[in-house]
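My numbering puts the first residue of the sequence shown at 124, with every later residue one more than the last. All residues carry an ideal CB built from backbone N, CA and C; glycine is no exception. Everything below concerns the one structure shown next.
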Amino acid sequence: MTAEEIEILTRRLTPRPQSINFRDGAEFLLKDGCPVTVEVTVKTGIRQKLTALCKQYWNIAPELTVKESAAAKKCKPEAYQIDISAEQLNITAKNWQGVANAFKTLRQLAEAIRGTEKVTGYILVPCRIKDYPAMPFRGLHICIFPETPLWDVEKQIRLAAYYKYNYAVIECWGNFPFESHPEICWGDRKLDKKELKRLIKLGKELGITLIPQFNLLGHAAGARSITAKHAILDYQPELQPLFEPEGWTWCLTNPATRQLLTDIVLELYEFFEKPPFFHIGCDEAHDAGSCFECRKHELKDLIREHILYFHDLFKKRKTRLIMWHDMLLEMEDERWQGYIACAAKKHHLSTLYKELPKDIIIADWQYFYDFKNRETPAWPTAKFFKKEKFDVLTCPWKDSPVIESLGNMAEKEKLMGMLETTWHISHTRDSLNTILCAAHASWNPAISQKEYYTEIIFIVFSMHIRHIIWDMKIREYEKTGTAQYQVDPGHHPHQVS
Ligand SMILES: [Zn+2]
Numbered sequence: 124m125t126a127e128e129i130e131i132l133t134r135r136l137t138p139r140p141q142s143i144n145f146r147d148g149a150e151f152l153l154k155d156g157c158p159v160t161v162e163v164t165v166k167t168g169i170r171q172k173l174t175a176l177c178k179q180y181w182n183i184a185p186e187l188t189v190k191e192s193a194a195a196k197k198c199k200p201e202a203y204q205i206d207i208s209a210e211q212l213n214i215t216a217k218n219w220q221g222v223a224n225a226f227k228t229l230r231q232l233a234e235a236i237r238g239t240e241k242v243t244g245y246i247l248v249p250c251r252i253k254d255y256p257a258m259p260f261r262g263l264h265i266c267i268f269p270e271t272p273l274w275d276v277e278k279q280i281r282l283a284a285y286y287k288y289n290y291a292v293i294e295c296w297g298n299f300p301f302e303s304h305p306e307i308c309w310g311d312r313k314l315d316k317k318e319l320k321r322l323i324k325l326g327k328e329l330g331i332t333l334i335p336q337f338n339l340l341g342h343a344a345g346a347r348s349i350t351a352k353h354a355i356l357d358y359q360p361e362l363q364p365l366f367e368p369e370g371w372t373w374c375l376t377n378p379a380t381r382q383l384l385t386d387i388v389l390e391l392y393e394f395f396e397k398p399p400f401f402h403i404g405c406d407e408a409h410d411a412g413s414c415f416e417c418r419k420h421e422l423k424d425l426i427r428e429h430i431l432y433f434h435d436l437f438k439k440r441k442t443r444l445i446m447w448h449d450m451l452l453e454m455e456d457e458r459w460q461g462y463i464a465c466a467a468k469k470h471h472l473s474t475l476y477k478e479l480p481k482d483i484i485i486a487d488w489q490y491f492y493d494f495k496n497r498e499t500p501a502w503p504t505a506k507f508f509k510k511e512k513f514d515v516l517t518c519p520w521k522d523s524p525v526i527e528s529l530g531n532m533a534e535k536e537k538l539m540g541m542l543e544t545t546w547h548i549s550h551t552r553d554s555l556n557t558i559l560c561a562a563h564a565s566w567n568p569a570i571s572q573k574e575y576y577t578e579i580i581f582i583v584f585s586m587h588i589r590h591i592i593w594d595m596k597i598r599e600y601e602k603t604g605t606a607q608y609q610v611d612p613g614h615h616p617h618q619v620s
């Protein structure tokens with residue numbers, strides 16, 4: 124096989140497998156009755172799922188052999204091996220998760236047979252692929268704004284699962300209609316809970332666990348600060364005592380706030396079907412402790428007691444908290460210059476981390492460095508929390524050099540993983556720069572963007588998006604591609620119906 128052929132085939136694979144060896148020889152034909160062997164540790168239920176997957180991906184019914192083997196037992200969770208010859212397609216994996224990962228790779232590798240107008244089957248070139256993730260937690264942070272239709276969220280979840288992410292943090296922005304507290308939601312912008320429930324179950328089927336987020340400190344407005352909107356206070360001024368006077372942070376000394384937040388997080392916990400993690404936010408709480416009652420206390424004591432209370436609430440339920448890192452580091456501290464740190468020196472929060480349980484996962488969001496003029500940074504904040512015995516998720520945003528650099532650091536430091544953020548930009552080129560780049564960086568950070576981010580990356584991405592469109596059986600122009608419209612797509616192109 125020529126170097127060019129190898130390049131053509133390899134560039135289709137997102138994330139790039141750890142090892143691929145293409146071989147010369149006749150292709151394997153993916154058609155009805157083709158021989159496919161799958162080796163796993165426990166074969167119960169595998170045949171049924173595989174039959175459905177082959178129908179969905181290629182509309183074929185292969186001759187399936189599913190067996191239990193010693194080789195499968197040696198595989199790590201999520202890992203898989205693919206062996207393709209002209210005669211046989213063989214997959215080895217510990218469990219269904221590994222098998223499903225192998226089939227995602229095969230879907231990207233397969234080509235429709237030529238020579239006819241309509242598809243008659245697919246070909247796979249002879250090769251051996253050995254693959255496994257570099258880090259155990261590969262998450263995508265997805266925002267559901269009042270402007271976001273849930274079909275758009277479904278596309279993001281499906282694409283993340285296709286790119287082998289195993290977690291998605293779901294942050295609803297003031298639009299989750301709580302049964303316990305209907306007042307904590309825009310009166311005229313409520314998301315469809317039945318539809319969100321369907322997505323939680325869909326995530327389970329696709330191998331991606333949805334993790335709820337509710338901000339328990341700052342960002343209590345449930346809306347982007349730059350818009351000056353407030354999901355609760357704009358319509359209900361009577362609820363002011365729940366918040367600090369500016370409305371941005373919850374009032375930590377008010378027992379009514381504590382009770383309300385308890386009801387809300389437990390309702391979300393049940394709605395998300397007892398998830399293993401719960402994200403409590405806690406970033407950018409610039410007005411924390413500013414009301415006349417909170418001012419009588421040390422802010423550190425208020426925040427510590429607040430977090431410990433919710434930590435214990437979830438620990439009883441065997442759920443671990445995830446929190447943003449920035450209020451635990453002082454912005455004036457020399458060590459963090461050039462990096463994100465949001466605690467003000469006057470608030471004395473720099474030693475708060477010492478009083479927090481070590482099973483809280485620190486989500487270290489670092490979005491920027493001057494990658495045109497600067498060497499790769501040291502990323503000291505993630506290393507700091509790791510040294511202090513916390514599990515750390517590194518959290519990039521939209522700049523692919525930053526994503527790549529953080530992926531390399533996370534692998535080298537053996538961090539728990541990556542949580543890629545998207546915020547208000549999850550369309551057009553931004554969706555590629557976030558979802559695709561972080562898929563490479565969290566699964567196989569050794570692959571540099573110089574290798575995959577070539578002039579052809581957009582059409583590779585388009586092909587993968589199309590697979591999602593086919594899975595969803597989309598028939599509406601606005602729902603295709605990565606943006607509602609081709610002309611002036613904007614950040615928030617969606618019409619609210
Ligand atoms: Zn207060």
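Taking the alpha carbon of Glu428 as the reference point, which residue from Lys537, Leu472 and Lys397 has its own alpha carbon closest? Looking at the Cα atoms, Leu472 is the closest of the given residues.
Specify the secondary structure class of Met595 as computed by DSSP and reduced to three states. Helix, per DSSP.
Leaving out five residues before and five after Ala486 in sequence, what residues of the same chain have Cβ atoms less than 6 Å from its Cβ? Once the five neighbours on either side are set aside, the close Cβ partners of Ala486 are Ile445, Trp447, Leu516, Cys518 and Leu542.
Can you tell me the Cβ-Cβ gap for Glu536 and Ala505, rounded? I've got them flagged as a contact below 8 Å. Going by Cβ atoms, the distance from Glu536 to Ala505 rounds to 7 Å, so yes, they are a contact pair.
Starting from Lys419, follow its DSSP beta bridges and name the residues at the other end. For Lys419, which the question treats as bridged, DSSP gives no partner whatsoever.
Within the continuous alpha helix (DSSP H) that includes Asp553, where are the two ends? Boundaries of the alpha helix (DSSP H) around Asp553: Thr551 to Ser554.
Beta-carbon within less than 7 Å of Ser620's beta-carbon, same chain only, minus the 5 sequence neighbours each way: which residues are those? At Ser620, the pLDDT of 42 sits below 50, so the modelled position is not reliable; the number obtained from the coordinates is stated separately. When the five nearest sequence neighbours on each side are left out, no beta carbon in the same chain lies closer than 7 Å to the beta carbon of Ser620.
I want to see whether chain C comes within less than 7 Å of Asp155, judged by CB atoms only; does it? In the structure shown, chain C cannot be found, because there is only a single protein chain.
Near ligand 1: Cys625 beta-carbon under 6 Å from a heavy atom: The requested residue 625 does not occur in the structure, where the chain is confined to residues 124 to 620.
Note down, in chain order, each residue of its chain lying with its Cβ closer than 6 Å to the Cβ of Arg230, except the 5 sequence neighbours on either side. Result list for Arg230: Tyr180, in chain order.
Proximity of Ile143 and Ile252 at Cβ, strictly below 7 Å: Their beta carbons are under 7 Å apart, which means Ile143 touches Ile252 by this criterion.
In this structure, does DSSP put Ala235 in helix, strand or coil? In the structure shown, Ala235 falls within a strand segment according to DSSP collapsed to helix, strand and coil.
Hey, how far is the Cα of Arg139 from the Cα of Cys417? Taking the straight line from one Cα to the other gives about 51 Å.
Could you pull out every residue in the same chain whose Cβ sits closer than 7 Å to the Cβ of Ala225, ignoring the five residues on either side in sequence? Counting only Cβ-Cβ distances below 7 Å, and skipping sequence neighbours, we find Tyr203, Ile205, Ile214 and Ala216.
Could you check the C-alpha separation between Glu328 and Pro398 for me, to the nearest Å? Taking the straight line from one Cα to the other gives about 15 Å.
CB of Thr376 to nearest heavy atom of ligand 1: below 6 Å? Under cutoff, so the answer is yes.
Terminal residues of the continuous beta strand (DSSP E) containing Met446? Met446 -> beta strand (DSSP E) spans Arg443 to Trp447.
Local conformation of Ser620 per DSSP, three classes: With a pLDDT of 42 at Ser620, under the threshold of 50, the modelled position of this residue cannot be trusted; read the value that follows with caution. The answer is coil: DSSP assigns Ser620 none of H, G, I, E or B.
Does ligand 1 have a heavy atom nearer than 6 Å to the CB of Cys417? Cys417: yes, Cβ under 6 Å from ligand 1.
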